[in-house]
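Q: So that we are looking at the same thing, I have put the structure below in structure tokens.
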Amino acid sequence: VLHDLSFGLRAGEVLGLLGHTGSGKTTIARLLCRLYDITEGAIRLGGLPIADVPLDDLRRRVGVVTQDVQLFHATVRENLTFFDATISDDQIHAAIAVMGLEAWLARLPQGLDTELAAGGSGLSAGESQLLAFIRVMLRDPGLVILDEPTSRLDPATEALLARGMDRLLAGRTAIIIAHRLATVERADRILMLERGRMIETGTRAVLAVDADSRFHALLRRGLEEVLA
1387 VLHDLSFGLR AGEVLGLLGH TGSGKTTIAR LLCRLYDITE GAIRLGGLPI
1437 ADVPLDDLRR RVGVVTQDVQ LFHATVRENL TFFDATISDD QIHAAIAVMG
1487 LEAWLARLPQ GLDTELAAGG SGLSAGESQL LAFIRVMLRD PGLVILDEPT
1537 SRLDPATEAL LARGMDRLLA GRTAIIIAHR LATVERADRI LMLERGRMIE
1587 TGTRAVLAVD ADSRFHALLR RGLEEVLA
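Offset between the sequence shown (1-based) and our numbering: plus 1386.
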């Protein structure tokens, strides 16, 4: 349950949500996707009450990358486009290139027509996550919500995903549900939650040097994994 929470996002701004499990980070994401509806207050998207935005339109305007990537027993093309035939192969190839997966695609026996196993069996965690980034890029939503994976990956994969995240978020309005302090380095603003309430907000640069801030305390203590 969220209490007395109010914030806004400017176009192109990236907001990092920080807080322990149960603090309300995921609830905010679900409200923005209308998986829940609010009982008090208002949420506006582009100036419109979110309840007045048709769900199909909302799905186009808000792109979500979850921790657990859902892949289907279908072709690479179908997995990336969610079976949307209006997305061209040229668009798919361009997005794959942005994410640095050209070599991966070239190794597949039938390219975009290669069938993937349900659940992404045979793909690495990094490959699955980058495919999820491509899905969102192809939809080009106005708002991206990214729930950072909590699992630890090898350094090379971590670096690949960090680059992919930067490319996905470039020029986009975004909310990152962060589980690592390093992740919010790419955020313009930080919002810290505790038990459904906002306890701190501000730019990373300001909070990092504010000796009275919670964020400053976390950095000083060097706690990188406190947010899972």
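Built from N, CA and C at the ideal position, the CB exists for glycine as well.
Excluding five sequence neighbours on each side, which residues of the same chain lie with their C-beta closer than 7 Å to the C-beta of K1411?
A: Hits under 7 Å: L1403, G1405, I1563 and L1579.
Q: How long is the line joining the alpha carbons of A1560 and G1427, rounded to whole angstroms?
A: 22 Å
Q: Taking the beta carbon of S1507 as the centre, do at least 16 other beta carbons fall within 10 Å, making it buried, or is it exposed?
A: exposed
Q: Going by C-alpha distance, which of L1502, G1497 and L1567 is nearest E1534?
A: L1567
Q: Over what stretch of residues does the alpha helix (DSSP H) that includes E1513 continue unbroken?
A: E1513 -> alpha helix (DSSP H) spans A1511 to R1525.
Q: Leaving out five residues before and five after M1485 in sequence, what residues of the same chain have Cβ atoms less than 7 Å from its Cβ?
A: Excluding positions up to five away in sequence, the list reads L1516, F1519, I1520, G1550 and R1553.
Q: I1482: buried (16+ other C-beta within 10 angstroms of its C-beta) or exposed?
A: buried
Q: Return the residue from the list T1587, G1582, A1591 and V1595 that minimises the CA-CA distance to R1572.
A: A1591
Q: Report the three-state DSSP secondary structure of P1541 (helix, strand or coil).
A: helix
Q: Under 6 Å Cβ to Cβ from I1473, same chain only, skipping five residues before and after it: list those, please.
A: T1467 and L1524
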